[in-house]
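To start, the structure itself, in structure tokens.
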Amino acid sequence: MTLIIGKKVESLTQTLIEHGSDEVIFVENDRLEEYLVLPFTSIFTQLIKERNPEIALFAATTSGRELAPRIGMRTSSGVTADCTGLEIGEYISKKEQVIYTPILESRRPTYGESKLATILGFVCPQVSTARAGTFEVPERVVGRKGITTPFKPNLDEKDFVVEVIKTVRGEGGLQNLFDADLIVSGGRGTTTDSLGLIKQLAEALKSQGINAEWACSRPVVDEGITEYARQVGQTGKTVRPKIYIAVGISGAIQHIAGMKESGTVIAINQNPKASIFNNADFGIIGNYQDILPELIERVKSGYTFGLEAKK
Ligand SMILES: Cc1cc2nc3c(=O)[nH]c(=O)nc-3n(C[C@H](O)[C@H](O)[C@H](O)COP(=O)(O)OP(=O)(O)OC[C@H]3O[C@@H](n4cnc5c(N)ncnc54)[C@H](O)[C@@H]3O)c2cc1C
Numbered sequence: 218m219t220l221i222i223g224k225k226v227e228s229l230t231q232t233l234i235e236h237g238s239d240e241v242i243f244v245e246n247d248r249l250e251e252y253l254v255l256p257f258t259s260i261f262t263q264l265i266k267e268r269n270p271e272i273a274l275f276a277a278t279t280s281g282r283e284l285a286p287r288i289g290m291r292t293s294s295g296v297t298a299d300c301t302g303l304e305i306g307e308y309i310s311k312k313e314q315v316i317y318t319p320i321l322e323s324r325r326p327t328y329g330e331s332k333l334a335t336i337l338g339f340v341c342p343q344v345s346t347a348r349a350g351t352f353e354v355p356e357r358v359v360g361r362k363g364i365t366t367p368f369k370p371n372l373d374e375k376d377f378v379v380e381v382i383k384t385v386r387g388e389g390g391l392q393n394l395f396d397a398d399l400i401v402s403g404g405r406g407t408t409t410d411s412l413g414l415i416k417q418l419a420e421a422l423k424s425q426g427i428n429a430e431w432a433c434s435r436p437v438v439d440e441g442i443t444e445y446a447r448q449v450g451q452t453g454k455t456v457r458p459k460i461y462i463a464v465g466i467s468g469a470i471q472h473i474a475g476m477k478e479s480g481t482v483i484a485i486n487q488n489p490k491a492s493i494f495n496n497a498d499f500g501i502i503g504n505y506q507d508i509l510p511e512l513i514e515r516v517k518s519g520y521t522f523g524l525e526a527k528k
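Residue 365 in the working numbering sits at position 148 of the sequence shown; the count goes up by one each step and never skips.
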């Protein structure tokens, strides 16, 4: 079951069903065209109280991270934040002589990625947020049948104290990083030219019809060279492109956490002992300023790392 809130959202319900939802509940309201935390919290809470789901999941996006704890509080349950794995299981309490089922096993890295914690919630709904990009979007089955239900919440004027005057869409979400087939990612080693060659390689691939994007490691963001939206890693985005090219990135565990699900990893680094090579399928040892111009020329002549161009 999926809840969708907004203006003219009914047309999106079938797409959600085709991607695997059995029932899509929609709230159609012109005043909710933009996300507003108070009315959205109220709507989710009303629906949860009406339907009593065992589990409620949110994306660990900026809005999901804001919404989930409020809903956890209003429904007297807890929240497991930033999960990288979710499973349904059961828990046998010998002391209480009770079997809790279904129980949501929410997995998330802890202690700087050195441990994986499994967190169980015993109060329904069991609320968790999952990091965007962690799970694959289920394949679309065109024509799949499901239930579409309108929901009419009781909205309180008090929840509309915040008025959205203007919306400026920046790179904040940078959705394309999740969808890209190939990501060229620059680390501290590529700040000499402010990631100029990284961007040129991504552009050359795009002009060959490849769904390519560029990203970076955390120091590049910390140094103010790029926006946080492009950071890959434990405190950035989790991506899973078919090909990830890590240039001038040492391979710290916090970076690996965000790209380890990539299909093929190509590492370019001048230090042959850099740990990124332990996580790479192909490695090129050398200065990126010598290697990238050559790669860019090859791409311009039609080389696409084996990826098929979009028609
Ligand atoms: C709690 C926490 C969360 C974190 N979250 C993240 C995160 O989300 N994402 C993230 O990336 N990091 C994160 N970090 C930081 C992480 O620990 C590393 O410090 C960071 O990933 C290192 O970035 P880097 O590889 O770009 O830089 P460095 O470790 O400095 O590596 C630079 C690399 O470039 C190579 N190099 C230098 N010059 C050249 C050249 N001319 N040609 C080719 N190679 C060259 C060097 O040999 C070196 O291997 C986090 C850290 C902590 C503690």
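No residue lacks a Cβ here, since even glycine has one placed at the ideal position from N, Cα and C.
Those residues which DSSP pairs with residue i across a bridge
{"i": "Ala429", "result": "Leu399"}
{"i": "Thr481", "result": "Ile460"}
{"i": "Pro367", "result": "Phe243"}
{"i": "Pro326", "result": "Leu333"}
{"i": "Gly500", "result": "Ala484"}
{"i": "Thr219", "result": "Val241"}
beta-carbon residue i near ligand 1 non-hydrogen atom, thresh 7 Å
{"i": "Arg282", "result": "no"}
{"i": "Pro436", "result": "yes"}
{"i": "Ile466", "result": "yes"}
{"i": "Tyr505", "result": "yes"}
{"i": "Gln343", "result": "no"}
{"i": "Arg405", "result": "yes"}
{"i": "Ala491", "result": "yes"}
{"i": "Ala484", "result": "no"}
{"i": "His472", "result": "yes"}
{"i": "Asn488", "result": "yes"}
{"i": "Val254", "result": "no"}
{"i": "Gln448", "result": "yes"}
Burial state of residue i (16 or more Cβ within 10 Å)
{"i": "Thr407", "result": "buried"}
{"i": "Ala277", "result": "buried"}
{"i": "Pro367", "result": "exposed"}
{"i": "Asn371", "result": "exposed"}
{"i": "Asp373", "result": "exposed"}
{"i": "Phe522", "result": "buried"}
{"i": "Phe499", "result": "exposed"}
{"i": "Glu322", "result": "buried"}
{"i": "Val437", "result": "buried"}
{"i": "Phe257", "result": "buried"}
{"i": "Phe243", "result": "buried"}
{"i": "Val241", "result": "buried"}
{"i": "Asp507", "result": "exposed"}
Own chain residues within Cβ distance below 6 Å of residue i, not counting five before or after
{"i": "Arg447", "result": "Ala432, Cys433"}
{"i": "Ala497", "result": "Val482, Ala484"}
Cβ neighbours of residue i in the same chain (closer than 7 Å, five flanking residues each side left out)
{"i": "Pro342", "result": "Ile265, Pro270, Glu271, Ile272, Ala273, Thr292, Ser294"}
{"i": "Asn393", "result": "Glu430"}
{"i": "Cys289", "result": "The sequence given here has Gly at residue 289, not Cys. Excluding positions up to five away in sequence, the list reads Gly295, Val296, Val344."}
{"i": "Gly237", "result": "Pro355"}
{"i": "Pro286", "result": "Val296"}
{"i": "Thr262", "result": "Ile288, Arg291, Thr292"}
CB-CB length for residue i against residue j, believed under 8 Å
{"i": "Glu245", "j": "Val226", "result": "6 Å"}
{"i": "Asp439", "j": "Ser259", "result": "Not really, about 38 Å apart at Cβ, beyond 8 Å."}
{"i": "Arg282", "j": "Thr384", "result": "Actually they do not touch by this definition, with Cβ atoms about 19 Å apart."}
Beta-carbon proximity list for residue i, same chain, < 8 Å, skipping 5 on both sides
{"i": "Arg435", "result": "Gln448, Gly450, Thr452, Gly453, Gln471, His472"}
{"i": "Ala334", "result": "Arg324, Arg325, Pro326, Thr327"}
{"i": "Thr443", "result": "Leu412, Cys433, Val437"}
Any non-hydrogen atom of ligand 2 within 7 Å of residue i CB
{"i": "Ala432", "result": "Ligands present in the displayed structure are limited to ligand 1, and ligand 2 is not among them."}
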